[in-house]
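K.L.:
Take a look at this one; I'll ask things after.
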Amino acid sequence: MRDQWTDQLSDYVDEELADAERRALDAHLTGCVSCRVLLEELRRVRANARVLPDQAPDRDLWPGIARAIAPGRSARRALAFSVPQLLAAGVALILVSGGAAWIAARRPIQARATAGPAGAPTWGSSPVWRSEAPYAAAIAQLEAALDEGRKSGTLDSATVLALVHSLATIDTAILDARHALAADPASAYLNHHLADTMRRKLDLLRQATAIATPRT
Amino acid sequence: MLAAVVLIALGQQTDTTVTVPPGARLDVSNPSGSIVVKAWSQKSVRVHADHENADLVQVTLEGSVLRVKTASRRSTPREVSYIISVPAVMPLALSGVKTDIDVDGAQAPVTVETVNGQVNCRGGSGLVSLKSVDGRIAVQQAKGRIEINTVNDDISASDVAGEISASTVSGDIELRNVESSSVEAATVSGEVLYAGSITDGGRYHFATHNGDVTFAVPEKANATISVSTFNGDLDASFPVNLAGANKHRFSFSIGVASGRAARIEIETFNGDIKLRRPAEMDEQSEHNE
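Protein chains in written order, with the numbering used here: chain V, 56 to 271; chain X, 10 to 298.
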């Protein structure tokens with residue numbers, strides 16, 4: 056689920072929040088790990104998007120993203136996406152690049168032609184894993200908070216069991232989506248589905264962390 | 010105004026009635042047990058609670074907020090069962106941890122949060138926000154912005170109207186007799202069912218990872234429908250003309266395709282997408298009963 060803070064993060068990055076809204080969000084960010092991670096992810100997506108070549112590869116999502124960041128658009132409003140759209144686009148973008156690199160490892164000549172000109176961002180030898188690293192970091196932080204709640208007794212065993220069960224359900228879905236994407240990296244549906252499912256895991260962990268934190 | 014009424018009960022039952030000013034809100038916090046709130050025709054609030062001697066029930070009117078809270082001489086209170094009668098138009102904020110929460114007959118905003126517990130809400134107007142982690146949520150006859158969120162159980166809504174958002178991870182979502190131009194329903198492992206209006210210009214999104222999505226399409230609806238499935242089929246009980254298709258996504262229009270047509274997105278990774286007529290859904294429902 057979206058909340059008022061995540062909905063404001065995109066405007067925050069674009070410096071379009073009113074002073075009062077910005078101050079409120081600043082205050083919220085000091086105490087919210089998941090929002091800070093989302094903010095970092097947004098900034099990273101925007102930075103990556105700006106250095107990508109303005110050339111439409113043969114992929115489902117890319118043309119829309121390229122149009123959104125093409126020169127000539129409002130310099131102030133660099134990206135007019137909502138947070139979920141940005142995250143989905145970011146993950147999709149990187150997964151597409153990851154998919155291209157994965158193909159490159161198997162079919163070097165064809166993949167290089169797809170991957171774009173020299174100077175395009177590189178994603179390392181394990182591109183998909185690297186692309187998910189920000190999510191992994193957020194999830195690790197939030198899982199630690201959840202574990203703390205479990206140890207401190209804030210969460211009882213039935214709640215922990217329910218959360219663990221649901222986290223396992225989401226992890227299975229993520230695994231399914233990853234496998235499907237490996238076979239069909241250009242699928243817009245699969246890209247969105249993976250991004251959505253990972254976002255749901257973040258949402259769940261954020262919710263669990265909130266529950267695990269004793270109320271004052 | 011602080012503490013217009015403070016009552017601390019030490020017996021096994023607490024029963025008190027408090028006159029509240031117009032526009033007052035009820036805020037109840039009960040870590041364990043149950044909260045039942047019923048609307049009545051009086052302008053006062055009656056709080057009845059069953060609890061152990063060591064536990065305290067505090068009823069405090071602070072300005073326009075009537076707070077009902079469970080406290081204890083122990084580190085944590087035992088189960089307390091509340092039955093609270095309120096004016097129908099009184100906004101409600103009810104919270105608990107191991108707590109079942111029931112609301113009956115509200116005609117005002119309702120906010121419910123529990124961790125291990127079921128939520129049943131009949132009525133509600135304006136913002137109706139119902140949350141649990143490990144518990145089923147059911148809502149009927151609510152209108153306004155309806156937000157339903159659980160993690161490890163089912164969601165059902167019927168005879169509701171307004172903007173609707175329903176989310177769970179491990180559970181089914183069933184939405185029946187819905188009047189809405191904005192519906193979003195998502196689960197990860199569970200089925201999704203929608204039988205309700207499709208309004209011109211409306212937006213409808215239904216998603217699951219593991220499970221079927223069953224969607225009732227009224228005969229006179231005007232909509233552009235996009236369906237996506239990775240391991241599943243599209244099963245429509247009426248003819249559809251596919252306008253666009255790729256490997257995992259199909260789209261088509263029904264009725265008059267125009268800029269004002271509703272937009273409907275249906276997604277399932279592992280499951281079928283079933284498009285039915287409303288009458289078929291009614292028959293199926295009766296059959297299941």
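Where a beta carbon is used, it is the ideal one built from N, C-alpha and C, also for glycine.
Whole angstroms are fine: how far does the CA of residue 81 of chain V sit from the CA of residue 250 of chain X?
P.N.:
Here residue 250 of chain X refers to the residue found at position 241 of the second sequence. Here residue 81 of chain V refers to the residue found at position 26 of the first sequence. Looking at the two C-alpha atoms, the distance is approximately 51 Å.
K.L.:
Would DSSP call residue 40 of chain X helix, strand or coil?
P.N.:
Counted from its first residue, the second sequence places residue 40 of chain X at position 31. Residue 40 of chain X falls in the strand class under three-state DSSP.
K.L.:
Taking 8 Å as the threshold, find out whether the stretch 277 to 286 of chain X comes into contact with the stretch 236 to 245 of chain X through three or more Cβ pairs.
P.N.:
Touching, yes.
K.L.:
Measuring CA to CA, which of X/227, X/215, X/247 and X/255 is closest to residue 273 of chain X?
P.N.:
The residue labelled residue 273 of chain X in the question sits at position 264 within the second sequence. It is X/215 whose Cα lies nearest to the Cα of residue 273 of chain X.
K.L.:
Only counting the same chain, and skipping five residues up and downstream in sequence, which positions put a Cβ closer than 6 Å to that of residue 285 of chain X?
P.N.:
Locating residue 285 of chain X in the second sequence gives position 276, counting from the first residue. So the qualifying residues of the chain are 225 and 246.
K.L.:
If you scan the stretch 158 to 201 of chain X from start to end, which runs of the beta strand (DSSP E) of 3 or more residues do you find wholly inside it?
P.N.:
Qualifying beta strand (DSSP E) stretches, in chain order: 164 to 176 and 182 to 195.
K.L.:
One question on the structure: do residue 224 of chain V and residue 197 of chain X come within less than 8 Å of each other, judged by their Cβ atoms?
P.N.:
By one-based count along the first sequence, residue 224 of chain V stands at place 169. By one-based count along the second sequence, residue 197 of chain X stands at place 188. Yes, they are a contact pair.
K.L.:
Considering only the beta carbon of each residue, do residue 316 of chain X and residue 142 of chain X sit closer than 8 Å?
P.N.:
In the structure displayed, chain X extends from 10 to 298; residue 316 of chain X sits before or after that span and is not available.
K.L.:
Alpha carbon to alpha carbon, what distance is there between residue 265 of chain V and residue 74 of chain V?
P.N.:
Taking the first sequence and counting its residues from 1, one reaches residue 74 of chain V at position 19. Taking the first sequence and counting its residues from 1, one reaches residue 265 of chain V at position 210. For residue 74 of chain V and residue 265 of chain V, the distance between alpha carbons rounds to 27 Å.
K.L.:
Pull the bridge partners of residue 24 of chain X from the DSSP assignment, please.
P.N.:
The sequence position of residue 24 of chain X within the second sequence is 15, counting from 1. Beta-bridge pairing links residue 24 of chain X to X/57.
K.L.:
When the Cα atoms are used, what is the spatial distance from residue 90 of chain X to residue 219 of chain V?
P.N.:
Counting from one through the second sequence, the residue named residue 90 of chain X turns up at place 81. Counting from one through the first sequence, the residue named residue 219 of chain V turns up at place 164. Taking the straight line from one Cα to the other gives about 29 Å.
K.L.:
For residue 291 of chain X, I'd like the list of residues in its chain whose CB is within less than 6 Å of its CB, leaving aside the five on either flank, ordered along the chain.
P.N.:
Stepping through the second sequence from its first residue, residue 291 of chain X is reached at position 282. Around residue 291 of chain X: no qualifying Cβ.
K.L.:
Could you pull out every residue in the same chain whose Cβ sits closer than 6 Å to the Cβ of residue 201 of chain X, ignoring the five residues on either side in sequence?
P.N.:
On the second sequence, residue 201 of chain X is found 192 positions in, with the first residue counted as 1. 182, 194, 215, 217 and 222.
K.L.:
In whole angstroms, what separates the C-alpha of residue 271 of chain X from that of residue 154 of chain X?
P.N.:
Start at 1 with the first residue of the second sequence, and residue 271 of chain X comes out as number 262. Start at 1 with the first residue of the second sequence, and residue 154 of chain X comes out as number 145. Going by the C-alpha atoms only, they are around 19 Å apart.
K.L.:
Excluding five sequence neighbours on each side, which residues of the same chain lie with their C-beta closer than 7 Å to the C-beta of residue 165 of chain X?
P.N.:
By one-based count along the second sequence, residue 165 of chain X stands at place 156. Cβ within range, chain order: 147 and 183.
K.L.:
Could you spell out where the alpha helix (DSSP H) holding residue 145 of chain X opens and where it closes?
P.N.:
To locate residue 145 of chain X, count along the second sequence from 1; it is residue 136. Segment: none, residue 145 of chain X is in no alpha helix (DSSP H) and carries neither H nor E.
K.L.:
If you draw a straight line from the alpha carbon of residue 69 of chain V to that of residue 84 of chain V, how long is it in whole angstroms?
P.N.:
Reading the first sequence from its first residue, position 14 is the one you call residue 69 of chain V. Reading the first sequence from its first residue, position 29 is the one you call residue 84 of chain V. Roughly 16 Å separates the two Cα atoms.
K.L.:
Which residues bound the alpha helix (DSSP H) around residue 221 of chain V?
P.N.:
Translated into positions along the first sequence, residue 221 of chain V becomes position 166. Here the alpha helix (DSSP H) through residue 221 of chain V covers 212 to 238.
K.L.:
Nearest-angstrom Cα distance between residue 86 of chain V and residue 113 of chain X?
P.N.:
Your numbering for residue 86 of chain V matches position 31 in the first sequence. Your numbering for residue 113 of chain X matches position 104 in the second sequence. Their backbone Cα atoms lie some 37 Å apart in a straight line.
K.L.:
Kindly list, in the order they appear in chain V, the residues whose Cβ is closer than 7 Å to that of residue 143 of chain X.
P.N.:
Here the question's residue 143 of chain X lines up with position 134 in the second sequence. The answer, in chain order, is 213, 214 and 217.
K.L.:
Roughly how many angstroms lie between the CA atoms of residue 238 of chain V and residue 254 of chain V, to the nearest whole one?
P.N.:
To locate residue 238 of chain V, count along the first sequence from 1; it is residue 183. To locate residue 254 of chain V, count along the first sequence from 1; it is residue 199. Near 22 Å, if we compare the C-alpha coordinates of residue 254 of chain V and residue 238 of chain V.
K.L.:
What are the residues of the stretch 233 to 252 of chain V that lie near chain X, defined by any Cβ-Cβ distance shorter than 8 Å?
P.N.:
If the cut-off is 8 Å between Cβ atoms, the stretch 233 to 252 of chain V has 235, 239, 242, 243, 244, 245, 248, 251 and 252 near chain X.
K.L.:
Please state whether DSSP places residue 242 of chain V in a helix, a strand or coil.
P.N.:
Indexing the first sequence from 1 puts residue 242 of chain V at position 187. Residue state, collapsed to three classes: coil.
K.L.:
Anything in chain V within Cβ reach of residue 206 of chain X, meaning under 8 Å, just list it in chain order.
P.N.:
In the second sequence, the residue the question calls residue 206 of chain X occupies position 197. None at all; the shortest Cβ gap to chain V is about 23 Å.
K.L.:
Under a CB-based cut-off of 8 Å, is residue 258 of chain X close to chain V?
P.N.:
Taking the first residue of the second sequence as 1, we reach residue 258 of chain X at position 249. So, interface residue.
K.L.:
Going by beta-carbon coordinates alone, are residue 58 of chain X and residue 23 of chain X separated by less than 8 Å?
P.N.:
What you label residue 58 of chain X is simply residue 49 of the second sequence in a count that begins at 1. What you label residue 23 of chain X is simply residue 14 of the second sequence in a count that begins at 1. A contact, by the Cβ cut-off of 8 Å.
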